[in-house]
Amino acid sequence: MTVSDDPGQTSGSPAVSELPEGFQVATEEGRLLAERLADSGRHARKLLEVKNLSTRFYTADGEVHAVDDVSFELDYGETLGIVGESGCGKSVTALSLTRLVPDPPGKIVSGEIIFDGVNVMKLSKNEMRLLRGKRIGFIFQDPMTSLNPTLTVGYQIAESARIHLGMTRKEADDRAAELLGKVGIPRARDRMRDYPHQFSGGMRQRVMIAIALACDPMLLLADEPTTALDVTIQAQILELIRSLSDEFGTAVILITHDLGIAAGMCNRVNVMYAGRIVETGKVDDLFEHPRMPYAWGLLDSLPRLDEQRGERLRTIEGLPPDLIDPGPECRFAPRCGYARDVCREREPELSDRAEEGHLARCFGTEPGGWIK
Amino acid sequence: MATRSTTIEGPIPERKSSGLWKDAFGRLVKNRLAIVGGLIVLLFAFVAVFGPFIAPFDYKAQDLVAVAANGNRPLPPLTDGHILGTDRLGRDLLSRMMDGAQISMTVALVVQVVVILIGIPVGALAGWFGGRMDNVLMRITDVVYAFPDLLFIIILSVAFRETWFGRALDGLFLVFVAIGIVSWITMARLVRGQLLSLKETEFVEAARAIGVRDSRIVARHLLPNAIGPVIVAITLGIPGAILAEATLAFLGIGAIPPRASWGTLIEAGNKSVRSDPHLAIFPALAVALALLSFTFLGDGLRDALDPKLKGKQ
Numbered sequence: 001m002t003v004s005d006d007p008g009q010t011s012g013s014p015a016v017s018e019l020p021e022g023f024q025v026a027t028e029e030g031r032l033l034a035e036r037l038a039d040s041g042r043h044a045r046k047l048l049e050v051k052n053l054s055t056r057f058y059t060a061d062g063e064v065h066a067v068d069d070v071s072f073e074l075d076y077g078e079t080l081g082i083v084g085e086s087g088c089g090k091s092v093t094a095l096s097l098t099r100l101v102p103d104p105p106g107k108i109v110s111g112e113i114i115f116d117g118v119n120v121m122k123l124s125k126n127e128m129r130l131l132r133g134k135r136i137g138f139i140f141q142d143p144m145t146s147l148n149p150t151l152t153v154g155y156q157i158a159e160s161a162r163i164h165l166g167m168t169r170k171e172a173d174d175r176a177a178e179l180l181g182k183v184g185i186p187r188a189r190d191r192m193r194d195y196p197h198q199f200s201g202g203m204r205q206r207v208m209i210a211i212a213l214a215c216d217p218m219l220l221l222a223d224e225p226t227t228a229l230d231v232t233i234q235a236q237i238l239e240l241i242r243s244l245s246d247e248f249g250t251a252v253i254l255i256t257h258d259l260g261i262a263a264g265m266c267n268r269v270n271v272m273y274a275g276r277i278v279e280t281g282k283v284d285d286l287f288e289h290p291r292m293p294y295a296w297g298l299l300d301s302l303p304r305l306d307e308q309r310g311e312r313l314r315t316i317e318g319l320p321p322d323l324i325d326p327g328p329e330c331r332f333a334p335r336c337g338y339a340r341d342v343c344r345e346r347e348p349e350l351s352d353r354a355e356e357g358h359l360a361r362c363f364g365t366e367p368g369g370w371i372k
Numbered sequence: 373m374a375t376r377s378t379t380i381e382g383p384i385p386e387r388k389s390s391g392l393w394k395d396a397f398g399r400l401v402k403n404r405l406a407i408v409g410g411l412i413v414l415l416f417a418f419v420a421v422f423g424p425f426i427a428p429f430d431y432k433a434q435d436l437v438a439v440a441a442n443g444n445r446p447l448p449p450l451t452d453g454h455i456l457g458t459d460r461l462g463r464d465l466l467s468r469m470m471d472g473a474q475i476s477m478t479v480a481l482v483v484q485v486v487v488i489l490i491g492i493p494v495g496a497l498a499g500w501f502g503g504r505m506d507n508v509l510m511r512i513t514d515v516v517y518a519f520p521d522l523l524f525i526i527i528l529s530v531a532f533r534e535t536w537f538g539r540a541l542d543g544l545f546l547v548f549v550a551i552g553i554v555s556w557i558t559m560a561r562l563v564r565g566q567l568l569s570l571k572e573t574e575f576v577e578a579a580r581a582i583g584v585r586d587s588r589i590v591a592r593h594l595l596p597n598a599i600g601p602v603i604v605a606i607t608l609g610i611p612g613a614i615l616a617e618a619t620l621a622f623l624g625i626g627a628i629p630p631r632a633s634w635g636t637l638i639e640a641g642n643k644s645v646r647s648d649p650h651l652a653i654f655p656a657l658a659v660a661l662a663l664l665s666f667t668f669l670g671d672g673l674r675d676a677l678d679p680k681l682k683g684k685q
């Protein structure tokens, strides 16, 4: 038995009586999940441990290695940023965590995802369904298309509470109204009967947040939650996510390509490139001493306040590599100004840097490397 | 730390909350043709239900004396209280047409119920599951589609004519079911196509992400989004069914005498169209009017429910 780290808990306790209503256990992991759902007092060491996760897409052109051997951890209540340019595997990582990768063509080919002590990869389809929404909330990128146009927003918020908390229609409606008020929508009671098209983009994203938080999840996956919104609304939405996650103690994985957002919101940041984590560290360390030329490039390409008028924005030359059958070399080497022969021969491992918990995947910045 | 002033300050003006359906209805009533069509459809429906009570005569009562006095010829319109005249047996044409309206409207209803009961589940299963399920169901659909409709209905009618099933509802039940069985293909293909595109939408992913069961996603999240085209298909399918019934009646399949559908009346009138044209013209007009009304209503519904038109007009 691999139940808990809490010594007071007897492992292998009779689970049947503890099962939440409607929960059918198909696997040992499922029984564990059921116990977690029934008694949220017990926790594992980490909220989330991802080990060697690889997700591929089987397309007509070949296997796309969208997420390649990604490992990271998340503490309870922590906010982790995942940054990187388009197509680097940020969203697929998030989808993989809840096993929502469209299959076919996608498939998680290897790896372990331990969420609150439960191995997500071993859960049955039905057990997985009970994890989503209840323990893991999801905020999608585009609030315009993520809400069902034919259902009232009240129904859509209440649905999660009805499924997972066993609430009646009435109770769930009360809960929905409370949440809608919490995300800052005035006259929540009345607006519940409205349809998504009667809300603006920012308000729809607030509704999405209310849906994601309907069951007090332990983890909130926010996949570019503000990309589709203008800058002022963006700030409001981020502030809302932060204040609510503080209030509920929810851990957040914030996926963004905006380094400014990551710097302002996160405790730690993973930089992803071409399906791999290339650098990870506490947000201050990473932004003050980036240890990987790609991270420099990202930081350099931000517009600056002290920019000379007429000066062009710096960009990283070239395009990300084709993720079908990537070679053995460092994936950033073709675009890297510091690359040497060794970079083109083999790929460096993620290795420790000076600061605690700061890792980078670069020969040049390894101790004794050629980059200062 | 920024302040948490995420709510909008000040009083909020009251605003009439309008839903999708209200909007659609608003657009529908602005479409004159659709409203005229809808009113005529309502009139036909009213006649179909209350026909026997408001008809001037019993549909099978014969005024043989008057016919004999007319030299054994059908009475022309506007004689002896017969507004549309009588047939050769002295039966009031208007009353018979009102009874026929009942048959035609029942066709409209029952056939569409059959279409919904077969077409929507088949289309939904094929579209949602895709792959092998889709292949099998769509090949079955193709086979039914490739079969000659009229021949199939005739074979079915003849084969079951003497059974209880063939006699139910004066022989009409069989006709309805036969028409329904060949008519669900369009609906199945429509629903499948709708689901194929809808299941890729982000709100489906969002529903999955909060742990909604697949069956519930299809029933509560997808089908309501496909309801617009389905309603339009139903309204536009009704004239087809009425016409199919009339065609069958014209061929002598369907209502058992003395009941007569519009098709039967046209067929009977057609025999004496030179001497007594009113016997063919009025039932034909009724069919034409019903077809036009349903088509106008269907077109209006299509425009009203089309989301691309939102905010226009």
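Chain order of the listed sequences is Z and E.
In terms of my numbering, the first sequence is residues 1 to 372.
In terms of my numbering, the second sequence is residues 373 to 685.
All C-beta atoms in this analysis are idealised placements derived from N, C-alpha and C, irrespective of residue type, glycine included.
Source: prediction; values computed, not measured.
Cutoff 7 Å; reference residue i; Cβ partners in own chain excluding five residues on either side
{"i": "THR458(E)", "result": "ASP435, VAL439, PRO446, LEU447, ASP464, LEU465"}
{"i": "GLY181(Z)", "result": "ALA188"}
{"i": "ALA94(Z)", "result": "LEU221, ASP223, ILE253, ILE255"}
{"i": "PHE363(Z)", "result": "VAL342, CYS343, PRO348, GLY369"}
{"i": "GLY423(E)", "result": "MET470, ASP471, ALA473, GLN474"}
{"i": "ALA480(E)", "result": "ILE610, ALA613, ILE614"}
{"i": "PHE622(E)", "result": "GLY635, ILE638, GLU639"}
{"i": "PRO449(E)", "result": "ILE455, LEU456, GLY457, HIS650"}
{"i": "GLY357(Z)", "result": "GLY281, LYS282"}
CB contact flag (residue i, residue j, <7 Å)
{"i": "ALA210(Z)", "j": "SER160(Z)", "result": "no"}
{"i": "VAL659(E)", "j": "ALA616(E)", "result": "no"}
{"i": "MET477(E)", "j": "ALA560(E)", "result": "no"}
{"i": "LEU294(Z)", "j": "VAL269(Z)", "result": "Reading off the sequence shown, one finds Tyr at residue 294(Z), where the question assumed Leu. In this structure, VAL269(Z) does not lie closer than 7 Å to TYR294(Z) by Cβ."}
{"i": "PRO408(Z)", "j": "ARG309(Z)", "result": "For residue 408(Z) there is no data in the structure shown, the boundaries of chain Z being 1 and 372."}
{"i": "CYS266(Z)", "j": "THR79(Z)", "result": "yes"}
{"i": "ASP61(Z)", "j": "ILE324(Z)", "result": "yes"}
{"i": "ARG335(Z)", "j": "ALA274(Z)", "result": "no"}
{"i": "PHE72(Z)", "j": "GLY106(Z)", "result": "no"}
{"i": "SER146(Z)", "j": "PHE140(Z)", "result": "yes"}
{"i": "GLY184(Z)", "j": "ILE233(Z)", "result": "no"}
{"i": "VAL64(Z)", "j": "LEU259(Z)", "result": "no"}
{"i": "LEU567(E)", "j": "LEU594(E)", "result": "yes"}
{"i": "ALA627(E)", "j": "ASP521(E)", "result": "no"}
{"i": "VAL482(E)", "j": "PHE548(E)", "result": "yes"}
{"i": "GLY552(E)", "j": "GLY133(Z)", "result": "no"}
{"i": "LEU673(E)", "j": "ILE603(E)", "result": "yes"}
{"i": "GLN205(Z)", "j": "PRO143(Z)", "result": "yes"}
{"i": "VAL112(Z)", "j": "LYS51(Z)", "result": "This sequence places Glu at residue 112(Z); Val is not what is there. Yes, the pair counts as a contact, with Cβ atoms nearer than the cut-off."}
{"i": "VAL508(E)", "j": "TRP556(E)", "result": "no"}
Alpha helix (DSSP H) segment containing residue i, residue limits
{"i": "VAL508(E)", "result": "503-518"}
{"i": "ILE653(E)", "result": "650-677"}
{"i": "VAL439(E)", "result": "436-441"}
{"i": "GLN566(E)", "result": "544-570"}
{"i": "SER529(E)", "result": "521-532"}
{"i": "PRO596(E)", "result": "595-622"}
{"i": "ARG361(Z)", "result": "Neither: ARG361(Z) is in no alpha helix (DSSP H) and is coded neither H nor E."}
{"i": "GLU577(E)", "result": "574-581"}
Same chain only: Cβ atoms within 8 Å of residue i, ignoring 5 sequence neighbours per side
{"i": "LEU131(Z)", "result": "LEU33, THR98, PHE115, VAL118, VAL120, LEU123"}
{"i": "THR250(Z)", "result": "GLY77, GLY137, LEU213, ASP216, PRO217, MET218, LEU219, LEU220, LEU244"}
Any non-hydrogen atom of the ligand SAM within 6 Å of residue i CB
{"i": "GLN236(Z)", "result": "With respect to the ligand SAM, the structure shown offers nothing to examine, as it has no ligands at all."}
Presumed contact (8 Å Cβ cut-off) between residue i and residue j, rounded CB distance
{"i": "GLY69(Z)", "j": "SER91(Z)", "result": "The amino acid occupying residue 69(Z) in the given sequence is Asp; Gly does not appear at that position. With 8 Å as the limit, ASP69(Z) and SER91(Z) do not qualify as a contact, their Cβ atoms being about 18 Å apart."}
{"i": "GLY495(E)", "j": "LEU562(E)", "result": "7 Å"}
{"i": "LEU238(Z)", "j": "ILE261(Z)", "result": "6 Å"}
{"i": "LEU669(E)", "j": "ALA396(E)", "result": "13 Å between Cβ atoms; not a contact."}
{"i": "MET192(Z)", "j": "GLY154(Z)", "result": "3 Å"}
Span of the beta strand (DSSP E), counted from its first residue to its last, around residue i
{"i": "TYR58(Z)", "result": "48-59"}
{"i": "PHE138(Z)", "result": "136-139"}
{"i": "ALA222(Z)", "result": "219-223"}
Own chain residues within Cβ distance below 6 Å of residue i, not counting five before or after
{"i": "ALA158(Z)", "result": "ALA172, ASP173, ALA176"}
{"i": "VAL109(Z)", "result": "SER54, ARG56"}
Uninterrupted alpha helix (DSSP H) stretches inside the region 247-311 of chain Z (no shorter than 4 residues): Listed in chain order, the complete alpha helix (DSSP H) runs (minimum 4 residues) inside the region 247-311 of chain Z are 259-265, 283-288, 293-300.
Runs of alpha helix (DSSP H) wholly within the region 59-134 of chain Z (minimum 4 residues, chain order): List check, alpha helix (DSSP H) in window: 90-97, 125-131.
Entirely enclosed beta strand (DSSP E) segments - the region 185-230 of chain Z, minimum 3 residues: If we require 3 residues or more, the beta strand (DSSP E) runs fully inside the region 185-230 of chain Z come out as 219-223.
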